[in-house]
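Since the structure comes first, as structure tokens, the remarks are kept for the end.
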Ligand SMILES: C[S@@+](CC[C@H](N)C(=O)[O-])C[C@H]1O[C@@H](n2cnc3c(N)ncnc32)[C@H](O)[C@@H]1O
């Protein structure tokens, strides 16, 4: 991979996804894309990039899937799920809506939307509420995993008993796996969405999670996304960001701090 190849890859990735991969990631990029060259039987990055530059090819999708970072875990930054239980639910109850719309933007394999679903499904008083969680990502592979909702049993064992009960043990002949039950899966819709493109949803959302996603974007893209997210929140709705992303929320005069890496859309006066 020449310098020119690497720069072409960086430009293409940034234009298509917003992901700004630093020069320090060259080896990682090389490792991930070499696998794609091999899978296609290609001998040079030049040939490979010619294929990927045509956005309509399957390989353009594999290129993005290979270069996204999908690290995630159930109940990552747990204070956000406490906020759902301790603030969002009592506030929604006081409004008398019994309806929640939550968006996990950049959901990866689904640990974030499943953590939301687990938090809300474990509250018996919400049993009759109309709750929908939209889970989106640019990466088609992680979305397929999310729809499956299959977890290693040892990850499920760490959950509280009332949450563990929302999974069914064993997947086919595999006893070491568990699958999210119907209640959880019916709450979540996984959809492919590139955050840089137009969004088909009109909102309003009660909560938008966008954590550990815009960290890879440049400052103008981060700010533009914060404005777009804010415009889809109801007054009193929450924007939840990752730890190092939260300074970006400072660009919006419509957001107030709501505690650690949490922001609330100001009420209309
Ligand atoms: C590190 S994961 C974060 C997962 C989860 N939000 C969490 O905090 O655990 C980042 C996710 O953002 C997705 N992503 C990156 N660029 C994107 C874009 N332009 N549009 C939508 N998703 C994107 C990646 O595919 C990846 O799955």
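Residue numbers (this note's numbering): 16 to 284. Virtual Cβ for every residue (Gly too), placed ideally from N, Cα, C.
DSSP beta-bridge partners of residue i
i	result
residue 255	224, 277
residue 117	148, 222
residue 205	150
residue 270	280
residue 124	According to DSSP, which records beta bridges pairwise, residue 124 is partnered with nothing at all.
residue 63	Note: residue 63 sits in no beta bridge, so no partner.
residue 195	182
residue 166	193
residue 248	220
Identity of the residue in the options nearest residue i by Cα
i	options	result
residue 225	172, 136, 122, 154	122
residue 16	210, 43, 81, 110	43
residue 140	149, 39, 274, 107	107
residue 118	181, 271, 253, 232	253
residue 93	257, 105, 143, 20	257
residue 219	116, 45, 162	116
residue 247	266, 75, 214	214
residue 186	95, 146, 165, 200	165
residue 100	39, 135, 147	135
residue 147	114, 158, 176	114
residue 163	200, 171, 212	200
residue 142	77, 198, 239	198
residue 221	174, 77, 105, 170	105
Inter-residue spacing [alpha-carbon to alpha-carbon] between residue i and residue j
i	j	result
residue 202	residue 128	9 angstroms
residue 126	residue 88	5 angstroms
residue 190	residue 259	38 angstroms
residue 237	residue 206	21 angstroms
residue 111	residue 103	12 angstroms
residue 85	residue 156	10 angstroms
residue 60	residue 20	7 angstroms
residue 193	residue 280	37 angstroms
residue 188	residue 130	26 angstroms
residue 276	residue 62	44 angstroms
residue 40	residue 66	22 angstroms
residue 12	residue 168	A question about residue 12 goes unanswered here, because the residues of the chain that appear run from 16 up to 284.
residue 50	residue 79	13 angstroms
residue 176	residue 31	42 angstroms
residue 91	residue 228	14 angstroms
residue 109	residue 223	20 angstroms
residue 69	residue 145	42 angstroms
residue 55	residue 27	19 angstroms
residue 172	residue 97	20 angstroms
residue 235	residue 278	19 angstroms
residue 265	residue 240	12 angstroms
residue 18	residue 77	22 angstroms
residue 38	residue 204	36 angstroms
residue 309	residue 158	This structure gives no information on residue 309, because the portion of the chain shown stretches from 16 to 284.
Neighbourhood of residue i by C-beta, 6 angstroms cutoff - its chain only, sequence neighbours within 5 removed
i	result
residue 208	151
residue 64	23
residue 160	124
residue 95	255
residue 33	211, 232, 236
Chain-order list of residues whose beta-carbon lies under 8 angstroms from that of residue i (same chain, five-residue window excluded)
i	result
residue 196	181, 182, 183
Other residues of its chain near residue i: CB distance less than 7 angstroms, five sequence neighbours each side excluded
i	result
residue 178	133, 137
residue 35	29, 231, 232, 233
residue 25	36
residue 245	254, 267, 269, 270, 280
Supposed close pair residue i, residue j - CB separation, criterion 8 angstroms
i	j	result
residue 57	residue 120	At roughly 34 angstroms, the Cβ-Cβ gap does not stay under 8 angstroms, so residue 57 and residue 120 are not in contact.
residue 273	residue 250	With 8 angstroms as the limit, residue 273 and residue 250 do not qualify as a contact, their Cβ atoms being about 13 angstroms apart.
residue 83	residue 154	5 angstroms
residue 261	residue 242	Not quite, the Cβ-Cβ distance comes to about 15 angstroms (not below 8 angstroms), so this is no contact.
residue 149	residue 216	7 angstroms
residue 81	residue 47	5 angstroms
Any non-hydrogen atom of ligand 3 within 6 angstroms of residue i CB
i	result
residue 36	In the structure on display, ligand 3 does not appear, and the ligands it does have are ligand 1.
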